[in-house]
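First comes the structure, then the notes that go with it.
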Amino acid sequence: MFEALSSKLNGVFDRLRRRGALSEADVSEALREVRVALLEADVALPVVRDLVNKVRERAVGQEVLRSVSPAQQVIKIVNDALVEALGGGANDDGKRGIDLNAPSPVPILMVGLQGSGKTTTSGKIALRLRTRDKKKVLLASLDVHRPAAQLQLQTLAQQAEVTSLPIIAGQTPIQIAARAMDVARRELYDVVVLDTAGRLAIDEALMEEVAQVKLATNPHETFLVVDAMTGQDAVNTAKAFHEKMGVTGIVMTRIDGDARGGAALSMRAVTGAPIKLLGAGEKLDALEDFHPDRIASRILGMGDIVSLVEKAAATIDQEEAEKLAARMQKGQFSLEDYASQLKQIGKMGSLQGILGMLPGVGKIKQQINDANLDTSILGRQAAIISSMTPKERRTPDIIKASRKKRIAAGSGTSVQEVNKLLKQFDDMSVMMKRMSKMGQKGMMRGGLASLLPGMANKRPF
Ligand SMILES: Nc1nc2c(ncn2[C@@H]2O[C@H](COP(=O)(O)OP(=O)(O)O)[C@@H](O)[C@H]2O)c(=O)[nH]1
Ligand SMILES: [Mg+2]
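Going by this note's numbering, the sequence shown opens with residue 1204, and the numbers climb by one from there.
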């Protein structure tokens, strides 16, 4: 999300930075470009106007233009304005993620249009609550309109390893909801996720049905699920839902497919409801908490290090990671370590997603996408390493022609691929040494790009 906006804003700020001293006209010119970039990203006009005015006032009012680093100050002001538009900063209510602060079983109601991602998100929420929050979760489908809907939720429940309410044909949504709460109370569930039916468009019957379920179950959270790909339609849908029935939060799905991101930027200002969660893929682990400050950093190409670290912490084996870090520091990074890293990266999901969160990578992200990175390469590389003897892994220098042939045959790859892996490992070792010299601080300052000079012109993996 935000790729286009991010690269446009980066262009604007790069030009500002090159200027050094800024005149009021320079700032005006930059703001005109910011305005166009926001409009092209499909941000609602009143939101754009408000944001640009805010930045102009602050940039001109303060001592910005005469400060030591005026461009940096302007970027900071834009950053703060973005954070505010996204629902953070001064008007932040601090509500993030899923609020479970209520007596068990806590009912969570999922509402929204058909195909917005309610059922998928129900499964994601169940998985997250079971694994991260150690909660006992019951999933119940109230969708009696689509024949396969209840089975779809059942399948997702199996994948998330949580229970789904047994299906009884002929029950109304209200009856199913009542039964779900009953079972949850008797069997001591912590959370009940109620997945409702959607319609193609907002209509009275849909609203009525959902309102009745809401009345009957008194949900602690009512999540409206909207599809980010529908842009301003998602914002209008959210406005209508929130006005008619009051939602506690918005879940924006398909942010993996939405390059513009305008809906996310307009949502809070237009609807008044906070975005609480983001759906970033079809898989059940593709659910993120919505943090205005982190999203703003992502837009401004500063990278979302905190989310990256959280994601890594959730998937990477802690002990293994610590051992690896220690060996890296001592410059003992081996092919075995590399193999274990490949496995961890595989667990974390697509490389593009991870790289997008790293600072300094924003600009070259497009090239990375063009290079068409593909995680199957990682699997092949892991196979090559597992076809080596322990001695070869410790001292890859001994791997000459005949050994290469044997390794290629054993791993079902080619000698070229073995060569490529060895070369890459070599580069990587050099990089590790440079990294330990730079130290943690240097890395944060320079970002990944400083670590990988010329990465933009080369295929990095
Ligand atoms: N790419 C992507 N697809 C999603 C996401 N959330 C849901 N989907 C897909 O959207 C389609 C409809 O989702 P579903 O949960 O059945 O929508 P519902 O009708 O609101 O219950 C399914 O094919 C999902 O796999 C997401 O965050 N990203
Ligand atoms: Mg559904």
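Glycine is no exception: its CB is placed at the ideal position from the N, C-alpha and C atoms.
Proximity test, residue i beta-carbon vs ligand 2 heavy atom, cut-off 8 Å
i     : result
G1482 : no
A1352 : yes
L1356 : yes
Q1317 : yes
G1449 : no
R1349 : yes
A1360 : no
T1420 : no
G1401 : yes
T1456 : no
D1430 : no
T1322 : yes
D1175 : Outside the displayed range of the chain (1204 to 1664) lies residue 1175, so it cannot be described from this structure.
Collapsed DSSP secondary structure at residue i in the structure displayed
i     : result
I1567 : Confidence is the limiting factor: at I1567 the pLDDT is only 49, short of 50, which leaves the residue's position unreliable, though a coordinate-based value still follows. Here I1567 sits in helix by DSSP.
E1324 : Inspection of the sequence shows that residue 1324 is occupied by Thr rather than by Glu. In the structure shown, T1324 sits in a helix (DSSP, three-state: H, G or I).
I1458 : coil
P1369 : coil
D1217 : helix
I1311 : strand
V1450 : coil
L1545 : helix
V1340 : strand
E1206 : helix
H1348 : coil
D1302 : coil
S1589 : helix
L1487 : coil
V1246 : coil
L1316 : coil
S1617 : coil
Residue i: CB within 8 Å of a non-hydrogen atom of ligand 1
i     : result
V1251 : no
R1388 : no
T1334 : no
E1485 : yes
Unbroken alpha helix (DSSP H) run spanning residue i, endpoints
i     : result
L1468 : 1465-1474
A1284 : 1273-1288
A1419 : 1407-1420
Q1378 : 1376-1389
E1236 : 1227-1243
A1224 : A1224 -> no alpha helix (DSSP H), and no H or E assigned at all.
R1501 : 1495-1502
Residue span of the beta strand (DSSP E) that contains residue i, given as start and end
i     : result
V1429 : 1424-1430
E1491 : 1490-1492
D1398 : 1394-1398
I1601 : Premise fails: I1601 is in no beta strand (DSSP E) and is neither H nor E.
I1478 : 1478-1482
Quick one: any contact between the segment 1281-1288 and the segment 1437-1444, if contact means 3 or more CB pairs under 8 Å? no
Contact between the segment 1257-1264 and the segment 1315-1327 is defined here as three or more beta-carbon pairs at a separation below 8 Å; is this criterion met? no
Closer than 8 Å is the cut-off here; do at least three beta carbon pairs connect the segment 1380-1397 with the segment 1271-1280? no
Kindly confirm or deny that the segment 1212-1220 and the segment 1235-1250 touch, where touching means at least three C-beta pairs closer than 8 Å. yes
Using a Cβ distance threshold of 8 Å, determine whether the segment 1368-1383 contacts the segment 1339-1353, with at least three qualifying pairs required. yes
Contact between the segment 1330-1341 and the segment 1419-1431 is defined here as three or more beta-carbon pairs at a separation below 8 Å; is this criterion met? no
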